[in-house]
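Below is one structure; the comments refer to it alone.
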Amino acid sequence: MKTIAIVGAGAGLGLSIAKKFGENGFLIALIARNQQKLNDLVSRLNISGIEVAAFTADILDKAQIASAFDAIKEKYGFIDVLEYSPIPSVHNLAATLDVNEENALYQFQFNVLGAISSIREVLPDMLAKNTGALLFTNGGASFSPVPMMGNVGIAMAGLRNYVLNLNTELSGKGIYAGHIGIGIWMQEDSAVQDKIADIWYDMYMKRDRAEEYISEDKVK
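This note's numbering applies: residue 1 is where the sequence shown begins, and numbers increase by one.
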């Protein structure tokens, strides 16, 4: 069986992605910093008959990320798919004119460095086997400027650029790198997350495009 590791797993899109891949035969490894929320996700997925395990780590802590991935590999072996989708807190947003060195650095660490740390835990094994996938779920600010998310947009656009470069570099090595930018507001437990999970699985299977922008029309 294949394994997907979902970094920044939550009760919204993370849960939907776990269900979609789990229903298609994947073992699920969830990574987040809140153990109680992880336990709830595990219980909900178990009810659906999906094999899942939870691993705690703060994506701002490189050592914790490495420890979580070591534990996943010990339990499940090779990680076939990495999905990275932590959501920045609204309390850490800064509008364009309020961006400073500190709040810009925080978002860069949260969005970009956490992704890089996660990639480095799985990519060497993928390269050795010439197979794998790296999936990154991002906000709409990665595509279009959103003044109220000045500091976040800097980081998200940077992550999108890196993912597209990864797709170019890895496409001939059997590894897919994809990016989704979500340009709509989502409520937890809505059908929107399930539709986005369907889009992710389609992109993973077909590997015919490097990215999608999620607008209202995409999820109607």
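A virtual CB, placed ideally from N, CA and C, is assigned to each residue, including glycine.
Exercise for review: Indicate the three-state DSSP secondary structure (helix, strand or coil) for GLU51 in the structure shown.
Suggested key: Translated into the one-based positions of the sequence shown, residue 51 becomes position 51. DSSP places GLU51 outside both helix and strand once states are collapsed to three, so it counts as coil.
Review point. Out of curiosity, what's the CA-to-CA distance linking MET4 and ILE184?
Key: The residue you call residue 4 lines up with position 4 of the sequence shown. The residue you call residue 184 lines up with position 184 of the sequence shown. A small correction: the amino acid at residue 4 is Ile; Met does not occupy that position in the sequence shown. Answer to the nearest angstrom: the Cα atoms are 25 Å apart.
Point to revise | Residue of ILE119, ALA29, LEU15 minimising C-alpha distance to LYS62 | key: Along the sequence shown, read from residue 1 onward, the residue named residue 62 stands at position 62. If we check each option's Cα against that of LYS62, ILE119 comes out closest.
Review point. Looking at C-beta atoms only, is the number of pairs between the segment 93-106 and the segment 22-37 that lie closer than 8 Å three or more?
Key: With the cut-off at 8 Å, the segment 93-106 and the segment 22-37 do not touch.
Review point. Alpha carbon to alpha carbon, what distance is there between LEU13 and LYS195?
Key: Counted from its first residue, the sequence shown places residue 195 at position 195. Counted from its first residue, the sequence shown places residue 13 at position 13. Each residue's Cα considered, the two are about 10 Å apart.
Check your understanding: Of the residues VAL90, ALA32, GLU51, LYS173, which one's Cα is nearest the Cα of GLU83?
Key -> For this step, residue 83 is matched to residue 83 along the sequence shown. Taking only the C-alpha atoms, the option nearest GLU83 is ALA32.
Check your understanding: Under the three-state reduction of DSSP, which class applies to GLY174: helix, strand or coil?
Key -> For the purposes of this step, residue 174 is taken as residue 174 along the sequence shown, with counting starting at 1. Residue state, collapsed to three classes: coil.
Exercise for review: Note down, one range per segment and in chain order, each alpha helix (DSSP H) of at least 4 residues found wholly within the segment 30-98.
Suggested key: Along the length of the segment 30-98, whole alpha helix (DSSP H) runs at least 4 residues long occupy 35-47, 62-76, reported in chain order.
Practice item. Would you please state the rounded distance, in angstroms, between the beta carbons of THR137 and GLY174? I believe it to be under 8 Å. Key: Position 137 of the sequence shown, counting from 1, holds the residue named residue 137. Position 174 of the sequence shown, counting from 1, holds the residue named residue 174. With 8 Å as the limit, THR137 and GLY174 do not qualify as a contact, their Cβ atoms being about 22 Å apart.
Check your understanding: Which one or two residues does DSSP pair with ASN138 in a beta bridge?
Key -> The sequence position of residue 138 within the sequence shown is 138, counting from 1. For ASN138, which the question treats as bridged, DSSP gives the partners GLY181.
Review point. Roughly how many angstroms separate the alpha carbons of PHE26 and MET1, rounded to a whole number?
Key: Here residue 26 refers to the residue found at position 26 of the sequence shown. Here residue 1 refers to the residue found at position 1 of the sequence shown. Answer to the nearest angstrom: the Cα atoms are 6 Å apart.
Check your understanding: At a cut of 8 Å, does the segment 137-146 reach the segment 159-166 through at least three beta carbon pairs?
Key -> Yes, they touch.
Exercise for review: Look up LEU27 in the DSSP assignment and give the residues it is bridged to.
Suggested key: Taking the first residue of the sequence shown as 1, we reach residue 27 at position 27. Note: LEU27 sits in a beta bridge opposite THR3.
Review point. Among the residues of its own chain, which have a CB less than 6 Å from the CB of ASN103, if the five just before and after it don't count?
Key: Walking along the sequence shown from the start, residue 103 turns up at place 103. Excluding residues within five positions, the ones whose Cβ falls inside 6 Å are ALA94, ASN151.
Check your understanding: Per DSSP, GLU279 forms a beta bridge with which residues?
Key -> Absent from the structure is residue 279, since the part of the chain shown begins at 1 and ends at 220.
Point to revise | Nearest neighbour of MET205, chosen from ALA71, SER142, SER89, LEU134 [CA to CA] | key: On the sequence shown, residue 205 is found 205 positions in, with the first residue counted as 1. Among ALA71, SER142, SER89, LEU134, the Cα nearest to that of MET205 belongs to LEU134.
**Study point:** Of the residues ASP58, ALA57, LEU60, LEU41, the one placed nearest GLU51, counting alpha carbons only
**Key:** As a first step, residue 51 must be located in the sequence shown, where it is residue number 51. Its Cα nearest to that of GLU51, the residue LEU41 stands out among ASP58, ALA57, LEU60, LEU41.
Review point. What are the boundary residues of the alpha helix (DSSP H) that ASP194 is part of?
Key: Here the question's residue 194 lines up with position 194 in the sequence shown. In the DSSP assignment, ASP194 falls within the alpha helix (DSSP H) that extends over 191-206.
Exercise for review: Could you pull out every residue in the same chain whose Cβ sits closer than 8 Å to the Cβ of LEU45, ignoring the five residues on either side in sequence?
Suggested key: Here residue 45 refers to the residue found at position 45 of the sequence shown. Excluding sequence neighbours, LEU45 sits near LEU15, ALA18, LYS19, GLY22, ILE28, VAL52.
Review point. Straight-line CA distance for ILE182 to SER215?
Key: Along the sequence shown, one-based indexing puts residue 182 at 182. Along the sequence shown, one-based indexing puts residue 215 at 215. Using only the alpha carbons, I get a separation of about 7 Å.
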